[in-house]
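Asks: First the structure, then my questions, so here it is.
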Amino acid sequence: MQPIQLAVVVGSVRAGRVGPTVAAWVRSVAAERTTFDVVDVDLADFALPNSLTPNDDAERFTRTIGAADAFVFVTPEYNHGVPGSLKTALDTVKYEWRAKPAGFVSYGGLGGGIRATEQLRQITAELHMVSVRDAVALHRVRKRFDESGGIDDAAAVDALGRMLDQLEWWADAVAGARGRCDYPG
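Using this note's numbering, you'd call the opening residue of the sequence shown number 42 and step up by one each time.
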């Protein structure tokens, strides 16, 4: 089996964001597995337009998403929901998301971003993605990581492991299905 190209998507573009720290942790854990080839997709690196004004960044983003086999969305919860930057990214491409598994690592205050994850489950279902059951919710995220990016939350570490196991299984399953026939959507 070829390595699964796992795109770790940083969903926030705000100044002072903690998303890159969380994504680095996800990337480091996933990279320990020989089954994954981890790719960083930081939305701050793309100037994504609305659908009426395509640009070179949108085309580069489309190619990046199309090449990925599975996704981990690293997202904060803003105002009880998904950041606008992540929603725009999801709306920028269509077919490139289809029939691919997605996992969620959310973060925030006491709620740990779980409302953003629940919204993402609805959005990814509409995009014909397969969201895995287990997710990671990092409560009080700024207190979870030390200066070197280590995390002090054993439950989150366990949840990330289960989520990656599920992503691996689904990525293998849908790759086999895509090899037999086109996705009917």
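All C-beta atoms in this analysis are idealised placements derived from N, C-alpha and C, irrespective of residue type, glycine included.
Can you tell me whether DSSP reads Ser53 as helix, strand or coil?
Replies: In this structure, Ser53 counts as coil in the three-state DSSP scheme.
Asks: Helix, strand or coil, according to DSSP, for Phe186 in the structure here?
Replies: Phe186 falls in the strand class under three-state DSSP.
Asks: Given a cut-off of 9 Å on the beta-carbon distance, is the pair Ala214 and Val173 in contact?
Replies: Not closer than 9 Å, so no.
Asks: Taking the Cβ atom as the reference point for each residue, do Leu179 and Ala109 lie within a distance shorter than 9 Å?
Replies: Going by C-beta atoms, Leu179 is not nearer than 9 Å to Ala109.
Asks: Arg74 to Pro61, Cα distance in whole Å?
Replies: One C-alpha to the other measures close to 20 Å.
Asks: In terms of residues, what are the limits of the beta strand (DSSP E) holding Phe145?
Replies: Per DSSP, Phe145 belongs to the beta strand (DSSP E) from 142-149.
Asks: Considering just the uninterrupted stretch of the alpha helix (DSSP H) at Asp97, what are its terminal residues?
Replies: Unbroken alpha helix (DSSP H) run through Asp97: 97-108.
Asks: Round the Cβ separation of Phe145 and Val50 to the nearest angstrom and send it over; I've been treating them as touching at under 8 Å.
Replies: 10 Å between Cβ atoms; not a contact.
Asks: How should Tyr224 be labelled, buried or exposed, when 16 other C-beta atoms within 10 angstroms of its C-beta is the threshold for buried?
Replies: That one is exposed.
Asks: Round the Cβ separation of Asp81 and Arg68 to the nearest angstrom and send it over; I've been treating them as touching at under 8 Å.
Replies: 7 Å between Cβ atoms; contact.
Asks: Tell me which same chain residues have a C-beta within less than 7 Å of the C-beta of Gly122, skipping the five on either side of it?
Replies: Counting only Cβ-Cβ distances below 7 Å, and skipping sequence neighbours, we find Arg156, Ala157, Gln160.
Asks: So which of Ser147, Gly107, Trp138, Ile106 has the shortest CA-CA distance to Pro124?
Replies: Comparing Cα-Cα distances from Pro124 to each of Ser147, Gly107, Trp138, Ile106, the minimum goes to Ser147.
Asks: Any idea if Val134 is buried or exposed, counting beta-carbon neighbours within 10 angstroms, 16 or more meaning buried?
Replies: The residue is buried, with at least 16 neighbouring Cβ atoms inside 10 Å.
Asks: How far does the beta strand (DSSP E) with Thr116 in it reach, from first residue to last?
Replies: Looking at the DSSP string, the run of the beta strand (DSSP E) that includes Thr116 is 111-117.
Asks: Quick one: measure Cβ to Cβ for Val70 and Val182, integer angstroms, because I've assumed they're closer than 8 Å.
Replies: In fact, because the Cβ distance is near 16 Å, the residues do not count as touching under 8 Å.
Asks: So, at 7 Å on beta carbons, what are the nonlocal neighbours of Glu137 in its own chain, with the 5 sequence-adjacent residues on each side left out?
Replies: These residues qualify, in order along the chain: Thr103, Ile106, Gly107.
Asks: Kindly indicate the opening and closing residues of the alpha helix (DSSP H) around Leu127.
Replies: Unbroken alpha helix (DSSP H) run through Leu127: 125-133.
Asks: Suppose you measure from the CA of Gly226 to the CA of Arg219; what does that come to, to the nearest Å?
Replies: Cα-Cα distance, rounded: 12 Å.
Asks: Please tell me whether Phe87 and Ala72 are closer than 9 Å, where the distance is taken between their beta carbons.
Replies: No, they are not a contact pair.
Asks: So, helix, strand or coil for Gly60, using DSSP?
Replies: It is helical.
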